[in-house]
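Below: the structure, in structure tokens.
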Amino acid sequence: MRYFCFTLLLLFGFSSNAQEVTTFKKYDELEKYLEENKSQPLVVNFWATWCAPCIKELPYFEQLHNQNKAVKVITVSLDFEKDFETKLKTFLKKKKYTFITTFLAAKDYNNWISKVDEDWSGSIPATLIINGDKRVFVESDFSSFEELNNHVNKSINQ
Amino acid sequence: MKKFGIVALLALVVMSFSSLPAGYKVGDKATDFKLKSVDGKMYSMADYKDAKGFIVVFTCNHCPFAVKYEDRIVALAKKYKSLGYELIAINPNDPAAQPEDSFDLMKVRAKEKGFTFPYLFDEGQKIYPQYGATKTPHVFLLDKSLTVKYIGAIDDNVDDAAAVKERYLENAIAALEKNQEANPSMTKAIGCSIKVKK
Chain R
20 MRYFCFTLLL LFGFSSNAQE VTTFKKYDEL EKYLEENKSQ PLVVNFWATW CAPCIKELPY
80 FEQLHNQNKA VKVITVSLDF EKDFETKLKT FLKKKKYTFI TTFLAAKDYN NWISKVDEDW
140 SGSIPATLII NGDKRVFVES DFSSFEELNN HVNKSINQ
Chain C
272 MKKFGIVALL ALVVMSFSSL PAGYKVGDKA TDFKLKSVDG KMYSMADYKD AKGFIVVFTC
332 NHCPFAVKYE DRIVALAKKY KSLGYELIAI NPNDPAAQPE DSFDLMKVRA KEKGFTFPYL
392 FDEGQKIYPQ YGATKTPHVF LLDKSLTVKY IGAIDDNVDD AAAVKERYLE NAIAALEKNQ
452 EANPSMTKAI GCSIKVKK
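As they're listed, the protein sequences go chains R and C.
The end of the first sequence is residue 177 by my numbering, with every number in the run present.
The end of the second sequence is residue 469 by my numbering, with every number in the run present.
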């Protein structure tokens with residue numbers, strides 16, 4: 020019986036966990052979530068399934084999640100709400116990414132974009148690194164895992 | 272050697288300045304341009320002698336965020352033309368980086384959507400960096416002397432035109448009509464990054 024439970028856990032526990040998407044209705048909920056996870060440096064990537072350069076760089080974030088144990092990788096999807104099941108969940112299921120996936124539904128962009136970073140104009144992809152009270156923000160994409168990893172290491176060792 | 276040091280230092284200073292994010296702030300004077308539209312003709316703001324102002328919209332074919340605003344852009348162009356404002360759309364993307372934004376496909380899209388305004392191609396990507404556009408859609412409202420009066424989003428609801436609460440751009444035009452400053456004069460929204468070949 021114990022083995023049976025263990026097998027069940029293996030089958031369902033782990034597999035469902037991989038594509039779990041935490042939804043935030045408001046930006047403040049995301050900010051609170053990041054605050055609660057700040058015990059280690061965070062790499063927060065803003066993306067959407069409709070953004071081609073975002074999709075291109077996601078594998079680098081997956082690699083970062085698997086190889087750079089100093090940081091926690093959290094992706095924040097800005098997809099349209101109507102695409103949540105049909106596009107976002109389908110995409111994540113297909114890709115089997117293991118980094119943390121969240122969805123920010125807040126559409127009052129003008130109220131929260133500057134809270135992420137004063138200089139963010141709103142284009143994606145964009146990546147925020149939070150290390151204690153320090154924040155490093157980049158409004159562009161990374162062209163390789165090495166570039167991302169170097170940027171992350173440089174930012175958290177400043 | 273000392274001279275070389277000074278020159279190198281100067282070069283460094285100049286380089287560090289040029290790497291600062293360029294682009295206009297409200298109150299700056301915008302550059303005019305001469306760009307080709309989907310009808311094959313070249314357009315400049317100077318061509319519109321009687322215009323009270325210009326709505327310059329950086330937009331494109333491929334970006335879902337820009338596509339959601341297309342009908343609103345078409346409606347704004349019609350509404351404000353009658354009030355003396357010219358809407359000019361500019362595609363800032365390099366088709367080598369985003370093939371959907373080629374000049375030929377711009378023609379197709381303009382026809383499909385019945386664009387009544389110039390849809391210009393930023394050949395060589397010389398204009399968008401001067402404005403400081405970073406994404407599509409990205410709007411700049413200029414008065415007749417090309418002074419920037421408003422920068423940012425069209426309104427506060429990309430998903431649903433009927434559920435818009437704040438019509439940022441229209442409010443800014445209304446303020447300009449009354450010779451007042453727009454409030455807010457700058458807003459932010461999500462958008463697609465401008466595509467540049469690496």
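Positions of the beta carbon are idealized from the N, C-alpha and C atoms, including for glycine.
* **Short CB-CB distance (under 7 Å) between Tyr128(R) and chain C** => Taking Cβ atoms only, chain C reaches closer than 7 Å to Tyr128(R), which makes this a yes.
* Residue from Glu165(R), Asn176(R), Ile175(R) and Leu49(R) with nearest C-alpha to Gln82(R) -> Relative to Gln82(R), the option among Glu165(R), Asn176(R), Ile175(R) and Leu49(R) whose CA is nearest is Glu165(R).
* Name, please, each residue of chain R whose Cβ falls closer than 7 Å to the Cβ of Lys459(C). => Under the 7 Å cutoff, chain R gives Tyr128, Asn129, Ile132, Ser133, Ser140 and Gly141.
* To do: Helix, strand or coil for Cys334(C), going by three-state DSSP, please let me know.
  => Three-state result, Cys334(C): coil.
* Asked: chain R partners of Val309(C), CB-CB under 9 Å?
  -> Correct list: empty, because the minimum Cβ distance to chain R is about 23 Å.
* To do: Rounded to whole angstroms, what's the CA-CA distance from Gly355(C) to Ala348(C)? Just pull it up for me.
  => Answer to the nearest angstrom: the Cα atoms are 10 Å apart.
* Per-residue DSSP class, three states only, for Tyr128(R) -> It is helical.
* Could you pull out every residue in the same chain whose Cβ sits closer than 7 Å to the Cβ of Arg343(C), ignoring the five residues on either side in sequence? => These residues qualify, in order along the chain: Ile425 and Ala432.
* So what's Val297(C) in DSSP terms, helix, strand or just coil? -> When DSSP states are grouped into helix, strand and coil, Val297(C) belongs to the coil group.
* Asked: Alpha carbon to alpha carbon, how far is Lys469(C) from Lys449(C)?
  -> Lys469(C) and Lys449(C): Cα-Cα distance of roughly 45 Å.
* chain C beta carbons: is any one of them nearer than 7 Å to that of Trp69(R)? -> So, interface residue.
* **Reduced DSSP secondary structure (H/G/I, E/B, other) of Phe288(C)** => Caution applies to Phe288(C), whose pLDDT of 47 falls short of 50 and renders its modelled position unreliable; the value that the coordinates give is listed next. Looking at Phe288(C) - three-state DSSP - the assignment turns out to be helix.
* **Secondary structure of Asn56(R), DSSP reduced to three states** => Note: Asn56(R) maps to coil in three-state DSSP.
* Asked: How about Tyr340(C) and Pro400(C): are their beta carbons less than 7 Å apart?
  -> Contact: no.
* Does Phe164(R) have its Cβ less than 7 Å from a Cβ in chain C? -> Interface with chain C (7 Å Cβ-Cβ cutoff): Phe164(R) is excluded.
* Skipping 5 residues on each side, what residues in its chain have a beta carbon closer than 7 Å to that of Tyr79(R)? -> The beta carbon of Tyr79(R) sits closer than 7 Å to the beta carbons of Phe161, Ser163, Phe164 and Leu167 from its chain, once the five residues preceding and following it are set aside; these are given in chain order.
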